[in-house]
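Student:
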Amino acid sequence: MADRERQTLPLSFSVNGTRYDIEVEPHELLLDVIRKRLGLTGAKRSCDVQVCGACTVLLDGRPVSSCTLPAFEARDKDVLTIEGMARDGKLHPIQEAFIEYGGFQCGFCTPGMILTAKTLLDENPDPTEEEVIEYMNGNICRCTGYKKIVESIMGVGKAGEAS
Amino acid sequence: MLRPFRLEEPESVKEASESLARYGDSAKIYAGGTELLLAMKEGLIHFECLVNVKKIPGLDQIAQDNGSLRLGALSTHRQLERSETLQEKLPVLVEMERNVANLRVREVGTIGGNLTFAEPHADPGTLLLALDATVVAQKAGGSRDIPMTEFFVDAYEAAVEEDEVLTEIVVPLPDANAAVRYRKFGYLERPSAGVALHVMADEARKSVRDVRIAVGCVGPKSMRVEEAEAVVRGKSLDEAAQLMAEAGDIAGRAADAISDLHGSAEYKEHIVKVLLTRAFNDIRAELAG
Numbered sequence: 001m002a003d004r005e006r007q008t009l010p011l012s013f014s015v016n017g018t019r020y021d022i023e024v025e026p027h028e029l030l031l032d033v034i035r036k037r038l039g040l041t042g043a044k045r046s047c048d049v050q051v052c053g054a055c056t057v058l059l060d061g062r063p064v065s066s067c068t069l070p071a072f073e074a075r076d077k078d079v080l081t082i083e084g085m086a087r088d089g090k091l092h093p094i095q096e097a098f099i100e101y102g103g104f105q106c107g108f109c110t111p112g113m114i115l116t117a118k119t120l121l122d123e124n125p126d127p128t129e130e131e132v133i134e135y136m137n138g139n140i141c142r143c144t145g146y147k148k149i150v151e152s153i154m155g156v157g158k159a160g161e162a163s
Numbered sequence: 164m165l166r167p168f169r170l171e172e173p174e175s176v177k178e179a180s181e182s183l184a185r186y187g188d189s190a191k192i193y194a195g196g197t198e199l200l201l202a203m204k205e206g207l208i209h210f211e212c213l214v215n216v217k218k219i220p221g222l223d224q225i226a227q228d229n230g231s232l233r234l235g236a237l238s239t240h241r242q243l244e245r246s247e248t249l250q251e252k253l254p255v256l257v258e259m260e261r262n263v264a265n266l267r268v269r270e271v272g273t274i275g276g277n278l279t280f281a282e283p284h285a286d287p288g289t290l291l292l293a294l295d296a297t298v299v300a301q302k303a304g305g306s307r308d309i310p311m312t313e314f315f316v317d318a319y320e321a322a323v324e325e326d327e328v329l330t331e332i333v334v335p336l337p338d339a340n341a342a343v344r345y346r347k348f349g350y351l352e353r354p355s356a357g358v359a360l361h362v363m364a365d366e367a368r369k370s371v372r373d374v375r376i377a378v379g380c381v382g383p384k385s386m387r388v389e390e391a392e393a394v395v396r397g398k399s400l401d402e403a404a405q406l407m408a409e410a411g412d413i414a415g416r417a418a419d420a421i422s423d424l425h426g427s428a429e430y431k432e433h434i435v436k437v438l439l440t441r442a443f444n445d446i447r448a449e450l451a452g
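So the sequence lines, in the order shown, correspond to chains Y and V. Each residue of the first sequence is one higher than the last, beginning at 1 in this note's numbering. Each residue of the second sequence is one higher than the last, beginning at 164 in this note's numbering.
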């Protein structure tokens, strides 16, 4: 297909509460729009096949792999990235817990971990350890061995109690 | 990286079918995209046009209709997992769905897309075979029912015509003296072996009135194995327990197991037998309870 025939689609959506009206081509991926056009680099490209969870963003509150989601799928929706978790200079309680309990090392998987943990806690504010492990099993971390991540999520809202 | 493609967004099955007919094999239905876009990003396949069917209303409903459940083809795995109707009427499907891929795939991927893509390493088709499900495919000219036993043709090939759109999957409810299990094994992202067993006991729950055995993931397509069913059909549950390993051997061999990164053919055949035996033991306990 020649370039001049390329189709563009209007994309009106909000990202971390800011409204954007842009145009995208059908094949543009949400991750590229967020990273390259909006300059929000919290979501990472890693496995690129929806296995690792490093590119996780929330679309109307639900976790998706932005590496494999066409950007037009965000039409009229609210996207939340890790950059939108802190409010008025104050970290989100899940972020506080990850710091308190040491839930990260290199930090590459952390945005996806925290956003997925948010959907878990929105659905189920007081999960068991087993529920945390099952819910988070699609987010891969190659540093921590997961123990500290699970402890962080279990510890949300209990800051100050970490031993 | 995705190569550019054109997007069409029909608002009825008829329009979608007409678009598909117009483009022929240079167009493909796009729903969740969890399989299709991966293959396109890898450059394994390319389509000039994707036909987004998600704007067609009414294809994501889950409803009970007499003795059947009707699952809209656009229902996502997550929707099926969370459906109260299914949790009550068909918990085996909910359990299977809860363990499909990961949360993000389940949020976006649809049951219709999963079946149509016919990826061998998938869960739903195997269970739906054991449940005697039927798939409804529609095009501009009308609709037809495709029994699950005729749905999978080969790896990545389903019996859906180029201009047909899957609209729903009809699953008859298991009867009161039946129990169903889906058991799988895998250590990679996708399942390496999957087995579904549906035992329909007599009213006294002493014998196997009828049975369905389906195997997936190990070979090119999910399939029902009637030769394995014949081994235990009509037997008492006690006899069936003894015969299940034999049925498992037959099911393993019938599944055309392939040696690959998931394991050797011989290993997969063995796993099929183990999973089938475990499924039967769980079913027996349920029927006794």
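Yeah, the Cβ is synthetic: ideal placement off N, Cα and C, and Gly gets one too.
1) Residues of chain V with CB closer than 8 Å to the CB of V51 (chain Y), please, in chain order.
2) Assuming A342 (chain V) and L450 (chain V) make a contact with CB atoms under 8 Å, what is their CB distance in whole Å?
3) Per DSSP, what kind of secondary structure is L424 (chain V) in: helix, strand or coil?
4) Please confirm whether P70 (chain Y) and L29 (chain Y) have their CB atoms less than 8 Å apart.
5) What do you get for S163 (chain Y), buried or exposed, if any count of 16 or more other CB atoms within 10 angstroms of its CB means buried?
6) Using a Cβ cut-off of 7 Å, pull out every chain Y residue sitting near E270 (chain V), in sequence order please.
7) Return the chain-ordered ranges of every beta strand (DSSP E) run that is complete within the segment 273–319 of chain V and spans a minimum of 3 residues.
8) What are the start and end residues of the alpha helix (DSSP H) that includes D21 (chain Y)?
9) Pull the bridge partners of E331 (chain V) from the DSSP assignment, please.
10) Buried or exposed for R75 (chain Y), going by 16 or more other Cβ atoms inside 10 Å?
11) Of the residues Y:V156, Y:K147, Y:N16 and Y:D48, which one's Cα is nearest the Cα of D78 (chain Y)?
12) Which residues, taken in chain order from the segment 19–31 of chain Y, show a beta carbon closer than 9 Å to some beta carbon of chain V?
13) Three Cβ pairs or more, each shorter than 8 Å: is that satisfied between the segment 121–135 of chain Y and the segment 78–91 of chain Y?
14) Chain V partners of N137 (chain Y), CB-CB under 9 Å?
15) What's the gap between the Cα of L232 (chain V) and the Cα of P93 (chain Y)?
16) Does chain V have any CB closer than 8 Å to the CB of T116 (chain Y)?
17) Just list the beta strand (DSSP E) runs in the segment 393–417 of chain V, keeping only unbroken ones of 3 residues or longer that don't cross its boundaries, in chain order.
18) Excluding the five sequence neighbours on either side, which residues of its own chain have a C-beta within less than 6 Å of the C-beta of F456 (chain V), listed in chain order?
19) Residues of chain V with CB under 8 Å from T68 (chain Y), in chain order?
20) Which term fits R142 (chain Y), buried or exposed, when burial requires 16 or more other beta carbons within 10 angstroms of its beta carbon?
21) Going by DSSP, what residues sit across from T171 (chain Y) in a beta bridge?
22) So, do the segment 31–44 of chain Y and the segment 187–204 of chain V have three or more beta carbon pairs nearer to each other than 8 Å?
23) Looking only at DSSP bridge pairs, what is M386 (chain V) linked to?
24) Name the residue from V:H361, V:T440, V:E205 and V:I332 whose alpha carbon lies nearest to the alpha carbon of L406 (chain V).
25) Of all Cβ atoms in chain Y, is any one closer than 8 Å to the Cβ of P283 (chain V)?
26) With a cut-off of 8 Å, does the C-beta of F280 (chain V) fall near any C-beta of chain Y?
27) State the CB to CB distance for the pair R375 (chain V) and D295 (chain V), rounded to an integer number of angstroms; the pair is presumed to be in contact (CB under 8 Å).
28) Between which two residues does the beta strand (DSSP E) holding K347 (chain V) run?
29) Excluding the 5 residues flanking Q250 (chain V) on each side, which residues of the same chain have their C-beta closer than 7 Å to its C-beta?
30) Measure the alpha-carbon distance for I413 (chain V) versus A190 (chain V) and round it to whole angstroms.
31) Which stretch, first to last residue, makes up the alpha helix (DSSP H) that contains L120 (chain Y)?
32) Taking the alpha carbon of E270 (chain V) as the reference point, which residue from V:E171, V:S422 and V:L243 has its own alpha carbon closest?
33) Could you check what DSSP says for K158 (chain Y) in three-state terms: helix, strand or coil?
34) Do A321 (chain V) and S180 (chain V) have their CB atoms nearer than 8 Å?
35) Using a 10 Å radius around the Cβ and a threshold of 16 neighbouring Cβ atoms, would you call G42 (chain Y) buried or exposed?
36) Please report how far the alpha carbon of L183 (chain V) lies from the alpha carbon of E25 (chain Y), in whole angstroms.
Tutor: The structure says:
1) In the first sequence, the residue the question calls residue 51 (chain Y) occupies position 51. Neighbours of V51 (chain Y) in chain V, taken as residues whose beta carbon is under 8 Å from its own, are N265 and E352 in chain order.
2) Translated into the one-based positions of the second sequence, residue 342 (chain V) becomes position 179. Translated into the one-based positions of the second sequence, residue 450 (chain V) becomes position 287. Contact check for A342 (chain V) and L450 (chain V): beta-carbon distance about 5 Å, within the 8 Å limit, so the pair qualifies.
3) The sequence position of residue 424 (chain V) within the second sequence is 261, counting from 1. In the displayed model, L424 (chain V) falls within coil according to three-state DSSP, outside both helix and strand.
4) In the first sequence, the residue the question calls residue 70 (chain Y) occupies position 70. In the first sequence, the residue the question calls residue 29 (chain Y) occupies position 29. Here P70 (chain Y) is near L29 (chain Y), since their CB atoms are less than 8 Å apart.
5) In the first sequence, residue 163 (chain Y) corresponds to position 163, counting from 1. Note that S163 (chain Y) has pLDDT 48, beneath the 50 cutoff, so the model's placement of it is unreliable and no number is given.
6) In the second sequence, counting from the first residue as 1, residue 270 (chain V) sits at position 107. E270 (chain V) reaches chain Y at R62, P63 and V64, counting residues in chain order whose Cβ is nearer than 7 Å.
7) Runs of the beta strand (DSSP E) inside the segment 273–319 of chain V: 297–302, 305–310 and 315–317.
8) Counting from 1 along the first sequence, the entry for residue 21 (chain Y) is found at position 21. Run containing D21 (chain Y): none in the alpha helix (DSSP H); it sits in the beta strand (DSSP E), T18 to V24.
9) Indexing the second sequence from 1 puts residue 331 (chain V) at position 168. DSSP lists V:G235 and V:V299 as partners of E331 (chain V).
10) Locating residue 75 (chain Y) in the first sequence gives position 75, where the first residue counts as 1. A residue is called buried when at least 16 other Cβ atoms come within 10 angstroms of its Cβ; R75 (chain Y) does not meet this threshold and is exposed.
11) Translated into the one-based positions of the first sequence, residue 78 (chain Y) becomes position 78. Per the Cα distances, Y:N16.
12) So the close ones are E25, P26, H27, E28 and L29.
13) Flag = no, the segment 121–135 of chain Y and the segment 78–91 of chain Y do not touch.
14) The count along the first sequence starts at 1 and reaches residue 137 (chain Y) at position 137. Under a criterion of Cβ atoms nearer than 9 Å, the residues of chain V adjacent to N137 (chain Y) are, in order, N265 and L266.
15) Here residue 232 (chain V) is taken as the residue at index 69 of the second sequence, counted from 1. Here residue 93 (chain Y) is taken as the residue at index 93 of the first sequence, counted from 1. Approximately 42 Å, taken between the alpha carbons.
16) The count along the first sequence starts at 1 and reaches residue 116 (chain Y) at position 116. Any Cβ of chain V closer than 8 Å to the Cβ of T116 (chain Y) would place that residue at the interface, and such an atom is present.
17) Counting whole runs of 3 or more residues, the segment 393–417 of chain V contains no beta strand (DSSP E) stretch at all.
18) Here chain V comprises residues numbered 164 to 452, so residue 456 (chain V) is not present and cannot be evaluated.
19) One-based indexing of the first sequence puts residue 68 (chain Y) at position 68. Contact of T68 (chain Y) with chain V by beta-carbon distance below 8 Å involves G196, T197, L200, L201 and K204.
20) Numbered from its first residue, the first sequence carries residue 142 (chain Y) at position 142. By the 10 Å Cβ count, R142 (chain Y) comes out exposed.
21) This structure gives no information on residue 171 (chain Y), because the portion of chain Y shown stretches from 1 to 163.
22) Cβ pair count under 8 Å is below three, so no.
23) Here residue 386 (chain V) corresponds to residue number 223 of the second sequence, with the count starting at 1. M386 (chain V) is bridged to V:V378.
24) Within the second sequence, the letter at position 243 stands for residue 406 (chain V). The shortest CA-to-CA distance from L406 (chain V) to any of V:H361, V:T440, V:E205 and V:I332 is the one to V:T440.
25) Here residue 283 (chain V) refers to the residue found at position 120 of the second sequence. With 8 Å as the cut-off, P283 (chain V) does not count as an interface residue toward chain Y.
26) In the second sequence, residue 280 (chain V) corresponds to position 117, counting from 1. Not an interface residue.
27) Locating residue 375 (chain V) in the second sequence gives position 212, counting from the first residue. Locating residue 295 (chain V) in the second sequence gives position 132, counting from the first residue. Sure, about 7 Å apart at Cβ, within 8 Å.
28) Counting from one through the second sequence, the residue named residue 347 (chain V) turns up at place 184. Here the beta strand (DSSP E) through K347 (chain V) covers A341 to F348.
29) Locating residue 250 (chain V) in the second sequence gives position 87, where the first residue counts as 1. Residues of the same chain with a CB within less than 7 Å of the CB of Q250 (chain V), apart from the 5 flanking positions on each side, are V257 in chain order.
30) On the second sequence, position 250 is the one that residue 413 (chain V) refers to. On the second sequence, position 27 is the one that residue 190 (chain V) refers to. So the alpha carbons of these two residues sit roughly 40 Å apart.
31) Taking the first residue of the first sequence as position 1, residue 120 (chain Y) is located at position 120. Annotation for L120 (chain Y): the continuous alpha helix (DSSP H) segment containing it runs T110 to E123.
32) As a first step, residue 270 (chain V) must be located in the second sequence, where it is residue number 107. Taking the Cα of E270 (chain V) as reference, the smallest distance to any Cα among V:E171, V:S422 and V:L243 is reached at V:L243.
33) Translated into the one-based positions of the first sequence, residue 158 (chain Y) becomes position 158. Residue state for K158 (chain Y) is assigned as coil, using DSSP reduced to three classes.
34) What you label residue 321 (chain V) is simply residue 158 of the second sequence in a count that begins at 1. What you label residue 180 (chain V) is simply residue 17 of the second sequence in a count that begins at 1. No, the pair does not count as a contact, with Cβ atoms beyond the cut-off.
35) Here residue 42 (chain Y) corresponds to residue number 42 of the first sequence, with the count starting at 1. By the neighbour-count criterion, in which a residue is buried when 16 or more other Cβ atoms sit within 10 angstroms of its Cβ, G42 (chain Y) is buried.
36) Position 20 of the second sequence, counted from the first residue, corresponds to residue 183 (chain V). Position 25 of the first sequence, counted from the first residue, corresponds to residue 25 (chain Y). Roughly 21 Å between the two C-alpha positions.
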